[in-house]
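**Q**
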Amino acid sequence: MTAGYLADLAIVFAVAVAVGLLFARWKLPTITGFLLAGVLIGPDVFGLVPDTHRIEALAEIGVVLLLFTVGLELSLDHLKRIWRSVIVGGALQVGLTTLAGWGAGAAAGWSSGTSVLFGFLVAMSSTAIVLKALGARGESDSPHGKLVVGVLIFQDLCVVPMMLALPLLAGRDDAGAASIALVLAKAVGVVAATLLVGRFVVPALLGRVAAARNREVLLLSVVLVSIATVWATASTGLSLALGAFLAGVVVAGTPFGRQAIADALPLRDIFVSLFFVSVGLLLDLDEVAARPLAVAGLAAAILAGKTLLAMLAALVMRLPLRIAVLSGSALAQVGEFSFVLLTAGAALGLVPPDLGRVFLAAAVLTMLLTPVVIALAPRLAAGVTRFGRAGELLDARPIEPPHGTDGDLRGHVVIAGFGTGGRLIADALRRVGVPHVVLDLNAESVRSARNDGINAWYADVTSSEVLERAGLPHASAFVLVLSDPAATRRAVEVARGLAPEVPVVARCRYAAEEEDLRARGAVRVVAAEVESSIEVLAAVLRLRGLPRNVLDEEVDAARAQAGPAERRMTVPPTGWRDLAELLQEFRVEAWLLRPGDWAVGRSLGDVGLRASAGASVVAVRRAGKLLPNPPPDHVFDHGDIVYVIGTRRQATLAGSVLAAGAKENAP
């Protein structure tokens, strides 16, 4: 690496850090800041980086690492769960967009080959920008986030057949159908073989390496598997990025996927930032200044057209309008692989020079605007669903007819989301006999819930019509345990407008989201970040043997420090260490009285555990009811659970006394 190379990198990172800090202070997406940094250091502004190709080479590493970590997050099992988004959603989006691009090109008078190529170009979306933006907003696991990821995977799979089709579009005689079919078959075979090896061979291989208990060798083995996968896929003409994605999927199927993510994340973030800067470098401001209307018009047409077509694909899949709007907005920009297709098409004479320059400028402009479009999408979705009959599209249909209708539900709990949290809540409510309704946009989760006898609906909780049909105005509570922050905020607002007297309890990921949800109308907000940390704190203090009241006070203090909460009065903690050491000698044991036990039919005073065993009875549970500190005249019965406190020996001896009576050697 030459000194000039290092100087370019230093300039890029310095400007990126400065602009990124400004955008972070202004609470704007840092991706936009990195893109703007590329524009600033590019040849049309300050010209700080004369050789942009060196930066682009490093930026490609960022895309490869990004797709590798995406694959690590998915795994083969996860791909099975989102196959519908990949195959159906991807085919609809790519097919509709390509068809629309071909139609636009034909209307403009372009040749058929150029028109089809234009359809290919606009069908691609930016995997790097979209995944980074969704991840920063915590929406990667949301319903629209899963759909977007599936579509992006399908787009990446389409790059190879699109590249193979270009010679045919250019009228090349050497581009025979047989040769294209052979290359496609080879690519499909390599992908299938890679996935099979990842399922059956790689886990066993890495397991043997892990048995050596050498972290360096294990890390090298993971790198070897990853590089071999990328090489195998790239050798068939597939992109390096897609090969990296498959490598991530392969490694994710092993027990070492989590560690691989931890090792790859720092490098990924560095090189992905370079990718965003390199995109900004591509913006030709001279072309924008020379033909501003053409560039702006094409960029606007691409953003609007791709949004509408992706929305149509989502609606064909019977997804709610809100999910369609959010998905379409995320996929609205032009992708990085469009530049690869554009270069290849230009070499074959399919791209007129003027069209190439205008498209390149418009494509970069769509990328620059993507973080802003994604940030505005929830407001757009909320506005669209208020217009006339559009709301009927949100009337999501249950997989089966629900157990009850809106007129039959009274005093129930409406649960939005049926992940781990939603299932725990539903199971607990069922055990205690509280009626409830579950709403979720995951069809498999809804089917699973209904198979378990839970009244679950496939529906969008941000729709007032859906909430009204779920009986929210007559409910006792509305619980939100969604993985989509924007949907949570919108659902709170809709619930407050529809049923202002029904208490709303919402879960969020970060403490910073609590105040906003309370302002929108939630009466109780539980931040997973805070509560998980408090549980860890409580576990540590419990292991240290702190008295319960001191533990509760410290937990309350931590909760009050983390955010708004009621805080109990605390007492000076002096002396608790001595008390903790004393309490470590004691334990509480529970003993079940069976028919025929000596204590059955006798009173607590007659049993005399204090005198015969040295232990004390602190509580008795009978028929599900707990009686703390029972009086001396309390008569034991079979089925009682007796809680005694004492040293380990005293508590054990108390059980013997309850079962068989006192012995002569009792203390």
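For the sequence shown, my numbering assigns the number 387 to the initial residue and increments by one for each residue that follows.
Glycine included, every Cβ here is placed at the ideal spot set by N, Cα and C.
Among residues of its own chain, excluding the 5 on either side of valine 583, which ones have a beta-carbon nearer than 8 Å to its beta-carbon?
**A** Start at 1 with the first residue of the sequence shown, and residue 583 comes out as number 197. Val636, listed in sequence order.
**Q** Looking only at DSSP bridge pairs, what is threonine 1033 linked to?
**A** What you label residue 1033 is simply residue 647 of the sequence shown in a count that begins at 1. In the DSSP output, where bridge partners are listed per residue, threonine 1033 has Phe972.
**Q** Please classify glycine 390 as buried or exposed, where buried requires at least 16 neighbouring CB atoms within 10 angstroms.
**A** Residue 390 sits at position 4 when you count from the first residue of the sequence shown. Label assigned to glycine 390: exposed.
**Q** Do you know offhand how far alanine 618's Cα is from serine 526's?
**A** Here residue 618 is taken as the residue at index 232 of the sequence shown, counted from 1. Here residue 526 is taken as the residue at index 140 of the sequence shown, counted from 1. Their Cα atoms are separated by approximately 29 Å.
**Q** If you reduce the DSSP assignment to three classes, tell me which class glycine 961 lands in.
**A** Here residue 961 refers to the residue found at position 575 of the sequence shown. Unreliable placement is indicated for glycine 961, whose pLDDT of 48 sits below 50; no coordinate value is reported for it.
**Q** Under 8 Å, do isoleucine 1031 and valine 1004 count as touching if we go by C-beta distance?
**A** Against the sequence shown, residue 1031 aligns to sequence position 645. Against the sequence shown, residue 1004 aligns to sequence position 618. Closer than 8 Å, so yes.
**Q** Which first and last residues belong to the beta strand (DSSP E) in which isoleucine 801 is found?
**A** Position 415 of the sequence shown, counting from 1, holds the residue named residue 801. Looking at the DSSP string, the run of the beta strand (DSSP E) that includes isoleucine 801 is 799 to 802.
**Q** Take every Cβ of the segment 859 to 866, pair it with every Cβ of the segment 514 to 529, and state whether three or more of those distances are shorter than 8 Å.
**A** Flag = no, the segment 859 to 866 and the segment 514 to 529 do not touch.
**Q** Do valine 577 and leucine 626 have their C-beta atoms closer together than 8 Å?
**A** Position 191 of the sequence shown, counted from the start, is the residue given in the question as residue 577. Position 240 of the sequence shown, counted from the start, is the residue given in the question as residue 626. For valine 577 and leucine 626, no; Cβs fall outside 8 Å.
**Q** With DSSP collapsed to three states, give me the class of arginine 783.
**A** In the sequence shown, counting from the first residue as 1, residue 783 sits at position 397. At arginine 783, the pLDDT of 42 sits below 50, so the modelled position is not reliable and the matter cannot be decided from this model.
**Q** Taking its Cβ as the centre, do 16 or more other Cβ atoms sit within 10 Å of alanine 881, making it buried, or is it exposed?
**A** Your numbering for residue 881 matches position 495 in the sequence shown. So alanine 881 counts as buried.
**Q** Only counting the same chain, and skipping five residues up and downstream in sequence, which positions put a Cβ closer than 6 Å to that of phenylalanine 804?
**A** Translated into positions along the sequence shown, residue 804 becomes position 418. Correct list, in chain order: Val824, Asp826, Ser831, Ala835.
**Q** May I ask you to report which of helix, strand or coil DSSP gives proline 739?
**A** What you label residue 739 is simply residue 353 of the sequence shown in a count that begins at 1. Correct three-state label for proline 739: helix.
**Q** Kindly indicate which residue of Ala573, Pro652, Glu602 has the alpha-carbon position closest to the one of valine 616.
**A** Position 230 of the sequence shown, counting from 1, holds the residue named residue 616. Here the closest residue by C-alpha is Ala573.
**Q** Specify the secondary structure class of arginine 980 as computed by DSSP and reduced to three states.
**A** Within the sequence shown, residue 980 is the residue found at index 594, counting from 1. Arginine 980 falls in the coil class under three-state DSSP.
**Q** In this structure, does DSSP put phenylalanine 642 in helix, strand or coil?
**A** Working through the sequence shown from its first residue, we reach residue 642 at position 256. Three-state result, phenylalanine 642: coil.
**Q** Does the beta-carbon of phenylalanine 642 have 16 or more other beta-carbons within 10 angstroms, so that it is buried, or is it exposed?
**A** Against the sequence shown, residue 642 aligns to sequence position 256. Result: buried.
**Q** On the CB-based measure, 16 or more other CB atoms within 10 Å of its CB, does aspartate 813 come out buried or exposed?
**A** Translated into positions along the sequence shown, residue 813 becomes position 427. The residue in question, aspartate 813, is exposed, as its Cβ has fewer than 16 Cβ neighbours within 10 Å.
**Q** Between alanine 951 and the rest of its own chain, which residues show a CB-CB distance below 6 Å, the 5 nearest in sequence each way excluded?
**A** Along the sequence shown, read from residue 1 onward, the residue named residue 951 stands at position 565. Residue placement at alanine 951 cannot be trusted, given a pLDDT of 44 that sits under 50; the coordinates are not used to answer.
**Q** Below 8 Å between beta carbons: does that hold for leucine 694 and glycine 714?
**A** Within the sequence shown, residue 694 is the residue found at index 308, counting from 1. Within the sequence shown, residue 714 is the residue found at index 328, counting from 1. Yes. Within cutoff.
**Q** Around the C-beta of asparagine 1015, are 16 or more other C-beta atoms found within 10 angstroms, so that it is buried, or is it exposed?
**A** Start at 1 with the first residue of the sequence shown, and residue 1015 comes out as number 629. Asparagine 1015 comes out exposed.
**Q** Helix, strand or coil: how does DSSP classify phenylalanine 864 here?
**A** Stepping through the sequence shown from its first residue, residue 864 is reached at position 478. Three-state result, phenylalanine 864: strand.
**Q** Consult DSSP for leucine 545 and reduce its assignment to one of helix, strand or coil.
**A** Walking along the sequence shown from the start, residue 545 turns up at place 159. It is valine, not leucine, that sits at residue 545 in the sequence shown. Correct three-state label for valine 545: helix.
**Q** Find out if the Cβ-Cβ distance for the pair leucine 667, glycine 499 is shorter than 8 Å.
**A** The sequence position of residue 667 within the sequence shown is 281, counting from 1. The sequence position of residue 499 within the sequence shown is 113, counting from 1. No, Cβ-Cβ distance for leucine 667 and glycine 499 is not below 8 Å.
**Q** Is the distance from the Cβ of arginine 895 to the Cβ of glycine 634 below 8 Å?
**A** Here residue 895 refers to the residue found at position 509 when the sequence shown is read from its first residue. Here residue 634 refers to the residue found at position 248 when the sequence shown is read from its first residue. Not closer than 8 Å, so no.
**Q** Can you look up aspartate 655 in the DSSP assignment and give me helix, strand or coil?
**A** Numbered from 1 along the sequence shown, position 269 holds the residue referred to as residue 655. DSSP places aspartate 655 in helix when its eight states are reduced to three.
**Q** Does the separation of the CB atoms of threonine 513 and glycine 721 fall below 8 Å?
**A** If you number the sequence shown from 1, residue 513 lands on position 127. If you number the sequence shown from 1, residue 721 lands on position 335. Yes; because the gap between Cβ atoms is below 8 Å, this pair is in contact.
**Q** To which residues of the same chain is threonine 484 closer than 7 Å at the C-beta, ignoring the five residues directly before and after it?
**A** Working through the sequence shown from its first residue, we reach residue 484 at position 98. Closer than 7 Å at the Cβ level, and outside the excluded window around threonine 484, lie Gly505, Phe506, Ala509.
**Q** Using DSSP's beta-bridge definition, name the partner residues of lysine 518.
**A** Counting from 1 along the sequence shown, the entry for residue 518 is found at position 132. Partner(s): none; lysine 518 has no beta bridge.
**Q** What are the partner residues of valine 890, as DSSP defines its beta bridges?
**A** On the sequence shown, position 504 is the one that residue 890 refers to. Bridge partners of valine 890: Phe864.
**Q** Relative to the alpha-carbon of glycine 1041, which residue among Ala997, Leu979, Asp1023 has its alpha-carbon at the smallest distance?
**A** Mapped onto the sequence shown, residue 1041 falls at position 655. Looking at the Cα atoms, Leu979 is the closest of the given residues.
**Q** If I measure Cβ to Cβ from threonine 416 and keep anything under 8 Å in the same chain, skipping five residues before and after, which residues do I get?
**A** Position 30 of the sequence shown holds residue 416. Correct list, in chain order: Gly406, Phe409, Ala410, Ala522.
**Q** Which runs of the alpha helix (DSSP H) at least 4 residues long sit entirely within the segment 669 to 696? Give them in chain order.
**A** Complete alpha helix (DSSP H) runs here, min 4: 671 to 676.
**Q** Between the C-alpha atoms of threonine 960 and arginine 910, what's the straight-line distance to the nearest angstrom?
**A** By one-based count along the sequence shown, residue 960 stands at place 574. By one-based count along the sequence shown, residue 910 stands at place 524. Interpretation of threonine 960 is limited by its pLDDT of 45, a score under 50 that renders its predicted location unreliable; no figure is taken from the coordinates.
**Q** To the nearest angstrom, report how far apart glycine 419 and aspartate 740 are at their CA atoms.
**A** Residue mapping note: residue 419 aligns to position 33 of the sequence shown, counting from 1. Residue mapping note: residue 740 aligns to position 354 of the sequence shown, counting from 1. Answer to the nearest angstrom: the Cα atoms are 29 Å apart.
**Q** Is isoleucine 345 buried or exposed, if buried means 16 or more other CB atoms sit within 10 Å of its CB?
**A** For the chain, the structure presents residues 387 to 1053; residue 345 sits outside this window and is missing.
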